[in-house]
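Visitor: If you scroll down you'll find the structure; I have some questions about it.
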Amino acid sequence: MSAEIVNLRQVRKQRKRTDKEKQAEDNRRKFGRTKAERDDARRRREHLENQVESHRLPGPGSSSETETD
1 MSAEIVNLRQ VRKQRKRTDK EKQAEDNRRK FGRTKAERDD ARRRREHLEN
51 QVESHRLPGP GSSSETETD
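Numbering (the UniProt record's numbering), first residue to last: 1 to 69.
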């Protein structure tokens with residue numbers, strides 16, 4: 001009857017890798033978004049910024065006003 005020889009260093013490293021992968025998977029579920037979701041959010045943000053910018057009134061001292069003396 002012989003016991004299986006176990007290298008404790010390798011077991012610790014494997015356990016650490018497994019724990020790290022589990023943590024990464026949890027983080028992906030919590031915080032991750034797909035590339036399509038990020039692109040869609042970026043397009044929406046740019047569209048809204050363009051809308052706001054196009055409705056902005058010219059301020060004092062802008063070059064669109066003409067001065068007459």
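For every residue, glycine included, the Cβ atom is placed at its ideal position computed from N, Cα and C.
(1) Reducing DSSP to helix, strand and coil, say where Ser54 ends up.
(2) Under the three-state reduction of DSSP, which class applies to Val6: helix, strand or coil?
(3) Any idea what DSSP makes of Thr18, helix, strand or coil?
Guide: The structure says:
(1) Looking at Ser54 - three-state DSSP - the assignment turns out to be helix.
(2) DSSP places Val6 in coil when its eight states are reduced to three.
(3) If DSSP states are grouped into helix, strand and coil, Thr18 belongs with the helices.
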